[in-house]
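Below is one structure, written out as structure tokens; comments come after it.
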Amino acid sequence: MGNDHLEDKNNSEEKPPFFSSWTHLYILVFSNLLILILLFYVFTKVFD
Amino acid sequence: MKVLDWIVLSSFLTFVVVYGVWKTRGKKNLREYFLANKSTPWYTVTLSIMATQASAITFLSTPGLAYVDGMRFVQFYLGLPLAMIILSVTAVPIYHKLNVFTAYEFLEHRFDLKNRILGSTLFLIQRGLAAGFTIFAPALIISVLLGWDIRLTIIFIGLMVVVYTAIGGTDAVNKTHLLQMIIIMVGMFSSLFMIFRLLPADISLLDATHIAGKMGKLNAITFDLKERYNIWSGLIGGTFLALSYFGTDQSQVQRYLSGRSIAHSRMGLLANGIVKIPMQFIILYIGVMVFVFYQFVTPPMYFNSVETAQIKKSNYAAEYLAYENEYEKVHSEKQVHIREMLAAVRSDDDAVLEDTIIKIQSAKESENKIREKAINLIQKTNPGSDANDSNYIFLSFVINFLPTGLIGLVLAAILSASMSSTSAELNALASTSVIDIYKRLIKKDGTEQHYLFVSKLATVFWGCYAIAFALYANRLGSLIEAVNILGSLFYGTILGIFLIAFYLKKIGGTATFIAAIFAEIIIIACFFFTEIPYLWFNVIGCIVLIIAAYLINPWCHSRTV
Chain V
1 MGNDHLEDKN
11 NSEEKPPFFS
21 SWTHLYILVF
31 SNLLILILLF
41 YVFTKVFD
Chain G
49 MKVLDWIVLS
59 SFLTFVVVYG
69 VWKTRGKKNL
79 REYFLANKST
89 PWYTVTLSIM
99 ATQASAITFL
109 STPGLAYVDG
119 MRFVQFYLGL
129 PLAMIILSVT
139 AVPIYHKLNV
149 FTAYEFLEHR
159 FDLKNRILGS
169 TLFLIQRGLA
179 AGFTIFAPAL
189 IISVLLGWDI
199 RLTIIFIGLM
209 VVVYTAIGGT
219 DAVNKTHLLQ
229 MIIIMVGMFS
239 SLFMIFRLLP
249 ADISLLDATH
259 IAGKMGKLNA
269 ITFDLKERYN
279 IWSGLIGGTF
289 LALSYFGTDQ
299 SQVQRYLSGR
309 SIAHSRMGLL
319 ANGIVKIPMQ
329 FIILYIGVMV
339 FVFYQFVTPP
349 MYFNSVETAQ
359 IKKSNYAAEY
369 LAYENEYEKV
379 HSEKQVHIRE
389 MLAAVRSDDD
399 AVLEDTIIKI
409 QSAKESENKI
419 REKAINLIQK
429 TNPGSDANDS
439 NYIFLSFVIN
449 FLPTGLIGLV
459 LAAILSASMS
469 STSAELNALA
479 STSVIDIYKR
489 LIKKDGTEQH
499 YLFVSKLATV
509 FWGCYAIAFA
519 LYANRLGSLI
529 EAVNILGSLF
539 YGTILGIFLI
549 AFYLKKIGGT
559 ATFIAAIFAE
569 IIIIACFFFT
579 EIPYLWFNVI
589 GCIVLIIAAY
599 LINPWCHSRT
609 V
């Protein structure tokens, strides 16, 4: 399956855009989730 | 619908189909057809992932769900960002490294052929049925409210999708997803803007949100495990569901397999993890604002206008009209209390606030009793009618209150959502059928041209299958819940197979296979004989499978990696 190996660039060392490492991006996604949960909780309580 | 609405709707849809066909014609081999030659940038991957998940059911059913039940359904998506991180670390590099066309190809690398066939078969069963739903659901609602013939609507939606998906494959799906998401976003924000414009002049956005909150609709986060949707089922069950859906369901896997590199595939998933929850929040908020709008305008007692038209021609017409008058009277009284409540909120008067909330709840209970009696009458006229009309709420509002032109735009958004999901499903069903079944088992030595032709044929076949299913499908409760319940019956088992494949290297193929059959039987038994909320099926199926495989493994002799 798929003899053409055109993905020389497809290696896991390729850095993400805007960040120096993938770990930083994972932290961003996780932090975003925590912030959203907090905002939703505040939203629920303020308007309850 | 007016002429302008038809012009807006048909222009958008025609443009999407023509663009999809024109830009992606002339595929020469399977890699181009199923993987878009691995050329997709990350932002297109993100939009494609979102467009695949956000079907018309999302836009029709979700606001209705919020109208009835509040915003707690947003918790369903809390596990999604966690799943995106896990998949970026594990599945994406492995799928890219092995250069697979489907997720199930990986199972043969890891285990053996029988696990590949089991995984792909479970996918074909589950997704094949879901593909019918994603056409049927919007067709039903649109045909009821606009008076279109449902069969023609189903065939029209299905054929439009089959045309560009069969010709252009994954590239067509991705490129049309970009356009469709733009239409969907514009439709969504336009609806929200118009709802605010339609509120009474003395009711601000903040006032509207207060009203929704005091009437129990802004229940975005709840810690109560007994609630159907709560933070725990969302974070735990939701993570398992998202891992299974995005990691093992070919309709999603194919989106990021077409990424131009591991980095682009990862970014596509992670960006989805950031924007998906806010998007769902907005859709639910739209439903809540429709609810607030209807506190100042008497809503229909029953939102399915075909059913209400029928009863008004029947022997129960006078009785039904009497209920309508009573409903309007109670609604007007409730409106007075709502304004009193708002005044109490503004002046921070807790005593009056509490008193008015009690009066509003009492009025709401009276309304519900009248509505129940009205629905009983409807069911006497038509025993097959559904007491749950939440799927019709949003579109009914759009048709009756949005201005000309915007109705066409919102309908274009809803149909775009339907087409985007269906196209990804057909594309995935075709790739799994051809790569995992036909090429692997039936004709192993065909030419690239032969397989390309069969792939297009498979897309057409699955399109016709989905259309046929939609033509004969029955109504269900909340459609978005029906689709997710169906997924949860199979996703846990499929996820368990993949989790063993990725992380438990000592467990072999035979043990996994037997455990998968066992786990699936358990889940189906849970569905029919227990009251366990469906989100937990993903967790249960997965854990049962892993434990069973671990216990069976010493007695099985099979190769491991």
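Quick note, the sequences are listed as chains V and G, same order. The numbering of the first sequence is the working numbering, which starts it at 1 and goes up by one. The numbering of the second sequence is the working numbering, which starts it at 49 and goes up by one. Beta carbons are placed, not taken as given, at the ideal position from N, Cα and C, and that holds for glycine.
**Asked** Under a three-way DSSP split, which group does G:Ile206 fall into?
**Response** For the record, residue 206 of chain G in the displayed sequence is Gly; it is not Ile. Note: G:Gly206 maps to helix in three-state DSSP.
**Minimum Cβ-Cβ distance from V:Ile37 to chain G less than 8 Å** = Residue-level contact by beta carbon holds for V:Ile37 and chain G, with a gap shorter than 8 Å.
**Asked** When you compare only the Cα positions, how much space is there between G:Leu240 and G:Leu247?
**Response** 11 Å
**Cα-Cα separation, G:Asp397 to G:Ile386** = A straight-line Cα-Cα distance of about 14 Å links G:Asp397 and G:Ile386.
**Message:** Please report the straight-line C-alpha distance between G:Asp250 and G:Met263, rounded to a whole angstrom.
**Reply:** 19 Å
**Request:** Could you round the C-beta distance between G:Met132 and G:Met229 to whole angstroms and report it? I think they count as a contact, below 8 Å.
**Result:** That pair is no contact at about 18 Å.
**Asked** Do G:Lys611 and G:Ile408 have their C-beta atoms within less than 8 Å of each other?
**Response** Because chain G in this structure spans residues 49 to 609, residue 611 of chain G falls outside the shown range and cannot be described.
**Asked** What's the C-alpha gap between G:Leu126 and G:Gly206?
**Response** 32 Å
**Prompt:** Using the beta-carbon of each residue, which ones in chain V are nearer than 7 Å to G:His258?
**Reply:** Phe47
**Asked** So with Cβ pairs under 8 Å, would you call G:Val609 a contact of chain V?
**Response** Note on G:Val609: pLDDT 45, under 50, position unreliable in the model; the coordinate value appears next. Answer no: the Cβ-Cβ gap between G:Val609 and chain V never drops below 8 Å.
**Asked** Between the C-alpha atoms of G:Ile259 and G:Ala478, what's the straight-line distance to the nearest angstrom?
**Response** Going by C-alpha positions, G:Ile259 is about 49 Å away from G:Ala478.
**Contact set between G:Asn267 and chain V, taken where Cβ atoms lie within less than 9 Å** = Thr44, Asp48
**Request:** Would you mind listing the alpha helix (DSSP H) stretches within the stretch 233-299 of chain G that are 4+ residues and don't spill past its ends, in chain order?
**Result:** 253-262, 286-296
**Request:** Give the residues of chain V in contact with G:Met132, contact being defined as C-beta atoms less than 8 Å apart.
**Result:** For G:Met132, the residues of chain V that pass the 8 Å Cβ criterion are Val29, in the order they occur in the chain.
**Asked** Quick one: Cα of G:Met208 to Cα of G:Arg308, how far?
**Response** 28 Å
**Asked** If you draw a straight line from the alpha carbon of G:Phe181 to that of G:Arg394, how long is it in whole angstroms?
**Response** 46 Å
**Request:** Kindly say whether G:Leu289, judged by its beta-carbon, lies nearer than 8 Å to any beta-carbon of chain V.
**Result:** no
**Residue from G:Ser87, G:Tyr364, G:Thr201, G:Ile426 whose Cα sits closest to the Cα of G:Ala518** = When only C-alpha atoms are compared, the closest one is G:Thr201.
**Request:** Return yes when the Cβ of G:Ile542 is within less than 8 Å of the Cβ of G:Leu289, no when it is not.
**Result:** no
**Message:** Alpha carbons only, please: which of G:Phe154, G:Lys76, G:Leu166, G:Arg73 is nearest the one belonging to G:Ala564?
**Reply:** G:Leu166
**Prompt:** Using DSSP with H/G/I as helix, E/B as strand and the rest coil, what is G:Gly535?
**Reply:** helix
**Prompt:** Could you give the distance in angstroms between the alpha-carbon of G:Leu146 and the alpha-carbon of G:Leu332?
**Reply:** 40 Å
**Request:** Leaving aside the five residues before and after G:Val587 along the sequence, list all residues of the same chain whose C-beta is less than 6 Å from its C-beta, in chain order.
**Result:** Correct list, in chain order: Gly285, Phe288.
**Request:** Locate the alpha helix (DSSP H) running through G:Ile142, then write down its first and last residues.
**Result:** Residues 139-146.
**Message:** By the DSSP assignment, the alpha helix (DSSP H) with G:Thr169 in it spans what residues?
**Reply:** 161-194
**Asked** Going by Cα to Cα distance, which pick from G:Glu80, G:Val482, G:Ala460, G:Phe449 is closest to G:Asn222?
**Response** G:Glu80
**Prompt:** Among G:Arg276, G:Phe339, G:Tyr67, which residue has its Cα nearest to the Cα of G:Gly8?
**Reply:** Chain G is shown from 49 up to 609; residue 8 of chain G falls before or after that span and cannot be answered.
**Request:** For G:Gly112, name the three-state secondary structure that DSSP assigns.
**Result:** helix
**Item:** Rounded C-alpha distance that separates G:Ala178 from G:Val93
**Value:** 22 Å
**Request:** Could you confirm whether any beta carbon from chain V is found closer than 8 Å to the beta carbon of G:Leu583?
**Result:** no
**Prompt:** So, is G:Lys76 buried or exposed, given that buried needs 16 or more other C-beta atoms within 10 angstroms?
**Reply:** exposed
**Prompt:** What residue ranges within the stretch 473-529 of chain G form continuous alpha helix (DSSP H) runs of no fewer than 4 residues, ordered along the chain?
**Reply:** 496-520
**Asked** Is G:Thr88 helix, strand or coil when you go by DSSP?
**Response** strand
**Request:** Just the C-alpha distance for G:Tyr368 and G:Leu108, rounded to the nearest angstrom, thanks.
**Result:** 27 Å
**Asked** Can you give the Cα-Cα distance for V:Phe30 and V:Leu39, rounded to whole angstroms?
**Response** 14 Å
**Asked** When Cβ atoms are compared, which residues of the stretch 320-332 of chain G fall closer than 8 Å to chain V?
**Response** Gly321, Ile322, Ile325, Pro326, Phe329
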